[in-house]
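Single-structure report; data block below.
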Amino acid sequence: MLDYEKLDAYQVSLDLLSEALVIASQVPRGYGPVSDQLRRAALSVPLNIAEGVGRHDFKDRRRCFTIARGSAMECGALFDVFARLPDTRPERAQSAKQLVRRVVAMLTRMGAAPTET
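So, in structure tokens, the structure goes:
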């Protein structure tokens with residue numbers, strides 16, 4: 160098992176990605192850019208967590224975690240957009256935002272102080 164796989168934040172980010180992919184596949188016709196942006200933002204979260212864990216310099220590590228946190232926040236905003244699109248299930252987006260809140264809280268703590276991996 161790689162170091163990043165041991166992190167709860169990484170595992171929750173994978174759950175967020177899975178949920179985002181399902182939601183992105185349900186975006187109504189004509190809203191493809193919303194779907195594409197959600198996929199990109201959600202994929203960025205676990206990738207930046209993994210990259211950050213691999214960094215030895217705290218500033219580099221924090222930068223990766225900050226990018227991951229920003230991408231998670233972007234997912235939250237995109238879930239808000241999704242909830243307002245025609246013919247969608249807003250409750251699914253609200254459920255996904257719980258994952259956003261969890262991963263953002265974890266990433267905030269991870270970027271706050273130097274830690275050993």
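Heads up: the sequence shown begins at 160 in our numbering, then just goes up one per residue. C-beta: ideal position from N, C-alpha, C; glycine also. Just so we're clear, the structure is a prediction, and the values are computed from it rather than from any experiment.
**Where S184 falls, given that 16 or more other Cβ within 10 Å makes a residue buried** = Classification of S184: exposed, given that the 10 Å Cβ count is below 16.
Item to complete: Can you give me the start and stop residues for the alpha helix (DSSP H) that Q265 sits inside?
Response: Note on residue identity: the sequence assigns Met, not Gln, to residue 265. Residue range P249 to M269 is occupied by the alpha helix (DSSP H) that includes M265.
Exercise for review: Answer yes or no: do C234 and V259 have a C-beta to C-beta separation smaller than 7 Å?
Suggested key: At the C-beta level, C234 and V259 come within 7 Å of one another.
* **Outcome for S279 when other beta-carbon atoms lying within 10 angstroms are tallied against a minimum of 16** => Since the first and last residues shown for the chain are 160 and 276, residue 279 lies out of range.
Any chance the region 197-205 sits against the region 244-254, with 3 or more Cβ pairs inside 8 Å?
Using a C-beta cut-off of 8 Å, the region 197-205 makes no contact with the region 244-254, since fewer than three inter-stretch Cβ pairs fall below that distance.
Nearest candidate by alpha-carbon position, reference R220, set S230, F241, A242 and I208 = Nearest to R220 by alpha-carbon distance, out of S230, F241, A242 and I208, is I208.
query = Between the C-alpha atoms of T225 and P187, what's the straight-line distance to the nearest angstrom?
reply = If you take the alpha carbons of T225 and P187, they lie about 31 Å apart.
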